[in-house]
Every structure is written in structure tokens, then in C-alpha cells.
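Asker: Shown below is the structure under consideration.
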DNA sequence: GGCTAACAGTTGAATTTGTAACTAACAAGG
DNA sequence: CCTTGTTAGTTACAAATTCAACTGTTAGCC
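Chains as they are written, first to last, in this note's numbering: chain Z, 1174 to 1322; chain H, 1174 to 1322.
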């Protein structure tokens, strides 16, 4: 016996829809970095941030990417074990560790970056440029990382 | 040393953006069903599907909501333990189990549904009706549940 | 019937994540 | 210096998720 009240399809519920879309959109790409380099999602993100912005600390990565520090910590450990990045203690403040991609790490980054761009283009191609632009801006606002609320 | 190539900010990458938005959008609501009824996300989803569409099997739920069968199985077990739903073996085919909310389950559903609707309205209010409509339709297409690709 | 394959759902072991407590390093005030 | 508080990062333990193998049941086909 469904409810008597006006239907409220779960698939109209924004958080639900966002989730479904995010999962579906990330699926194929996930298998690429997983199968090709054995990376986990967090690892891929950390790699991506370092590749794009260069040397930075774990804390910075966590803040920029909104990843919890324990996740960053574990991802960094795995990436370091694979020689994708090097860690260097801060000289003035020894609590920090400066992370930087190795040549290997940069090569992986460059490869995945290409794939990511192509993948993004493929997703975007399903809509008009204006639609995609609006989508991006709305998603940014929803994610609360855009100071425009 | 960031890459020499044109920047490709991770936060421009659609799967990434979708993920961030989904996480942010779901956060507050998650604490509601968690704190108020001790439900896990999957449990809440199963409850919602049964509340909205009425009696159905675990398999149907899994297909509609794109939840893996083991997740559904465990969610159903917890919901049954809390007497939120009843399970009934199919008479013609005893492999199936027909799931249905109890009065308690329906009450929980009704309450959460109200909250969800209000929550959705609050999220949507940040945009124009046209924008929200477009967002929903794009998300549906991305999630691949809309046969329009 | 009796064999095999397919299917709904469950369970167990291995991964992954989340929470909280922890270590090591610095900073500020006395 | 020596407390007290804060910060960057790690670790330990519990909770959740995944993957694969498993049970019980039905269907097809000889």
C-alpha cells in the first residue's frame, strides 16, 4: 500500500539524483585508473591535485579536495610506496610534509589527465555548451565550494 | 612542478563535481534519518522505495535504486528486525520474498518523506524553477536511467 | 523423471571507510 | 624553560562495503 499522499518519487529527490548521477558518471572512469594503475579513488584525487597544482602538503590537499585527513594520509602512503610521490619534511616547521610527484607520478598523472579530459568531453557532449556551463555552476553552488550562495 | 599543459582543474571534472555536490547535498539529510531513526543510507533508500511504490521484492528494489543485492539484503534484514517491514515468500515462486512496510515502517516513511520534501525544496530554492528542472533532467540523463541518450 | 543452468537471496572473508585517540612538533604566556 | 593549547599527520578499532562463493528454488531440456 503506497502512501495516499501525492507521489514523491525518490528519483526526484535531489540528493538521490545527484548520487545516482555521480555514481554513473564516475563508474567507467573509475575502472580506468583502477585497472590501469591500481589506484583507489582517493589516491587518484590526490595524484590529480599534486599533478595540477604541484608541491603541497597533505593538509592543503585535504582542504582543496574536501577529503578527510585520514583518507589523505593513507592515500599518500600508498602513492609514496609506489614511488609516485616524494615526501619532504618542512625545514622551518617539521610538522608539515611537502609532497611532490616523481617523474613516474607525473607520467601517470599526464596519462590519466588525458583520459579524464576526453571522458569529461564525452559526458559534456550529451548537452549543449550552455547547459553544461549551467550544470557546472549549479553543482559548484550545491557543493558549497563556490562562495556565491 | 605543475604540468605545462593547459590547466584542467579537478573541480571542473564532471564526475568530481557531481561527487562533491552529491556529498554536500546529502550530508545534512543523512544526519536526520541517522539521528532520528538510526537508519543507514541504504536502509533509508529501501524504506523510501517501499513507502513510495508499495510491496515489491528485494530484486526490484535493487534494480530500481541501483543498489547491489547484498546491500539490499542486509538493509532488509535490519528493517525487518526493527519491524519496519514484513517479508512474505512468494507462493508460486518461493525464491522471491515480497517486502511490505508495517504500520511502523509507514509512519517512519511518512515522517522522513516530509523532511525530504522540505529539504529538497530548500535546495531547489537556491535556483530558479527552470534551472532546477534542467538540473534534474540532466542528472537523470547522466544517471542513465532516462532512456534519452 | 533427472540433469544442468539460471535465479533470488544470503553469508563470509577481505577491503575500505569513519571515528577517536594518539604522536610529534610548534607557539604563547608565565 | 615549562606548562597549556594547537596543529599536521598517523594509527587503532569499529563499522560499512565489496567480491566471491554458497543455499535453496525454479525452469528447460533430454
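A virtual CB, placed ideally from N, CA and C, is assigned to each residue, including glycine.
Keep in mind it's a predicted model, so treat the numbers as computed, not measured.
Using the Cα positions of residue 1265/H and residue 1284/H, report the straight-line distance between them to the nearest angstrom.
Answerer: Rounded to the nearest angstrom, the two C-alpha atoms are 35 Å apart.
Asker: Drop a sphere of 10 angstroms on the beta-carbon of residue 1160/Z, count the other beta-carbons inside from all chains shown, and report buried for 16 or more, exposed for fewer.
Answerer: It is not possible to answer for residue 1160/Z, since the shown part of chain Z is limited to 1174 through 1322.
Asker: Evaluate residue 1306/Z with the Cβ neighbour count: other Cβ atoms within 10 Å of its Cβ, from every protein chain shown; 16 or more gives buried, anything less gives exposed.
Answerer: Residue 1306/Z should be labelled exposed.
Asker: List, from N- to C-terminal side, the beta strand (DSSP E) runs of 3 residues or more that fit wholly inside the stretch 1235 to 1274 of chain Z.
Answerer: Qualifying beta strand (DSSP E) stretches, in chain order: 1258 to 1262 and 1270 to 1274.
Asker: Please name the residue in 1181/Z, 1193/Z, 1313/Z and 1182/Z whose C-alpha comes closest to that of residue 1312/H.
Answerer: It is 1193/Z whose Cα lies nearest to the Cα of residue 1312/H.
Asker: Tell me which same chain residues have a C-beta within less than 7 Å of the C-beta of residue 1237/Z, skipping the five on either side of it?
Answerer: Taken in chain order, the residues that qualify are 1222.
Asker: Let me see if you follow: with CB-CB separation under 9 Å, is residue 1150/Z close to chain H or not?
Answerer: Past the boundaries of the shown model lies residue 1150/Z; chain Z is included only from 1174 to 1322, so the question cannot be answered.
Asker: Can you find a CB in chain Z that lies within less than 9 Å of the CB of residue 1196/H?
Answerer: Taking Cβ atoms only, chain Z reaches closer than 9 Å to residue 1196/H, which makes this a yes.
Asker: State the Cα-Cα distance for the pair residue 1337/Z and residue 1263/H, rounded to the nearest angstrom.
Answerer: This structure does not reach residue 1337/Z, given that chain Z is present from 1174 up to 1322, and the question cannot be answered.
Asker: 9 Å is my cut-off, CB to CB: does residue 1222/Z come that close to chain H?
Answerer: At least one chain H Cβ lies under 9 Å of residue 1222/Z.
Asker: Below 9 Å between beta carbons is the criterion; list the residues of the stretch 1298 to 1311 of chain Z that meet it against any residue of chain H, in chain order.
Answerer: So the list reads 1299, 1300, 1304, 1305, 1307, 1308, 1309 and 1311, given in the order they occur along the chain.
Asker: Note down, in chain order, each residue of its chain lying with its Cβ closer than 7 Å to the Cβ of residue 1141/Z, except the 5 sequence neighbours on either side.
Answerer: Residue 1141/Z cannot be examined here, being either before or after the span of chain Z that is shown, 1174 to 1322.
Asker: Measure how close the beta-carbons of residue 1230/H and residue 1269/H come, nearest whole angstrom, since I'm counting them as under 8 Å.
Answerer: So it is a contact: roughly 5 Å between Cβ atoms.
Asker: So, is the C-beta of residue 1235/Z closer than 9 Å to a C-beta in chain H?
Answerer: Chain H, which has no Cβ nearer than 9 Å to the Cβ of residue 1235/Z, makes this no.
Asker: Tell me, to the nearest whole angstrom, how far the beta carbon of residue 1220/H is from that of residue 1187/H; I am working on the premise that it is less than 8 Å.
Answerer: Not confirmed; about 30 Å, so no contact.
Asker: Measuring straight from C-alpha to C-alpha, what distance separates residue 1302/Z and residue 1275/H?
Answerer: Looking at the two C-alpha atoms, the distance is approximately 48 Å.
Asker: Would you kindly work out how many angstroms separate the C-alpha atoms of residue 1295/H and residue 1185/H, rounded to a whole number?
Answerer: Rounded to the nearest angstrom, the two C-alpha atoms are 25 Å apart.
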